Amino acid sequence: SAMMSSMISFTFTLAGATREVPSLFSAHLSRQAPSKLKLVSRSFVPFDLSNTNAFGVGAAEQFAYDEREKYGYVGSEQGVLNVVDYADAARPVVAAALGLNFGGRVSKGVSLCARKRLLLVLLTVPGRKTGRGTVLGFSAVRRASPQKPAQLFEVTVGPGPDALLPNPDCSTIAVANEGEGEFTQPNRTHPRGTFADPEGGVTLIDVETHKATAVSFRNIAGRSVTDAYLTSLGVHLPLPLNA
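Structural data, given as structure tokens:
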């Protein structure tokens, strides 16, 4: 019989830890750093919301946790977002009725602004490396009245987005656009093939207005950026531009 779900995560407790998180800048906390992790539970989610996709892959590519409401959000390469109920951390349960289907679009990032009850999902279309991505904003699930996350907004971002991160007050969302290149095989029109290599960069999204601003790295501090300049700043480049 085919396996119908995939292990997604482990839940740990920190042995000997205080409620405060140890910091590199807080010596008194670092002395109380935990000595080991203790496994509390493991979670499984289906490859899709119907639990019938026997041989799918990437059931758990992205994860975000709402510590207030105790729900986990799991992004899948199968175009879905599963919701896991952690009311009892020792016995997490997949809340199938709360999951989302993105119609084949793949999750590249999942993040949560707990104070604003805002769930953020970064999506791309499989097979379109140079295509633009999308950030969707949803209402987060509330413990008092659990309902499927409702979409609040949709914003188009740059080519090949690969990660997103909101600032501390969740007024701005930063999206890293990889701009990965893509080679097309030779054909009659292009006997040598073609290579598309869009410029990478960052998209900044204003959460209130949903306005997207593209940030380019062609110029930094008012000057043109070269490999030599970046290397002088200590940036590690595995290959030079014309390698």
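Using the numbering used here, read the sequence shown as starting at 1045 and increasing by one per residue. Beta carbons: idealized from backbone N, C-alpha and C, even for Gly. Owing to the predicted nature of the structure, the values given are computational and were not obtained by experimental measurement.
Does DSSP put residue i in a helix, in a strand, or in coil?
i	result
Lys1255	coil
Tyr1273	helix
Ser1045	In this prediction, Ser1045 scores a pLDDT of 35, lower than 50, which makes its location untrustworthy; no coordinate-derived value is stated.
Ala1220	strand
Lys1152	strand
Ala1141	helix
Does the distance from the CB of residue i to the CB of residue j come in under 9 angstroms?
i	j	result
Val1084	Tyr1117	no
Val1165	Val1179	yes
Arg1176	Pro1203	yes
Ala1183	Leu1209	It should be noted that the sequence gives Ser, not Ala, for residue 1183. Taking 9 angstroms as the Cβ cut-off, Ser1183 and Leu1209 do not qualify as a contacting pair.
Leu1144	Leu1093	yes
Ala1108	Ser1120	no
Ile1217	Leu1196	no
Pro1205	Lys1152	yes
Val1128	Val1138	yes
Bridge partners for residue i per DSSP, in chain order?
i	result
Glu1111	According to DSSP, Glu1111 bridges with nothing at all.
Glu1226	Ala1240
Glu1198	Leu1180
Val1246	Ala1220 and Val1259
Cys1157	Leu1162
Ser1268	Asn1263
Ala1207	Ala1220
Thr1168	Val1150
Gln1106	Gly1119
Are there any heavy atoms of the ligand ATP lying less than 8 angstroms away from the beta-carbon of residue i, as far as the coordinates show?
i	result
Ala1103	No copy of the ligand ATP appears in this structure; indeed no ligand is present at all.
Tell me the start and end of each unbroken alpha helix (DSSP H) in the segment 1115–1140 that is at least 4 residues and wholly inside, in chain order.
DSSP runs (the alpha helix (DSSP H)) wholly in the segment 1115–1140: none.
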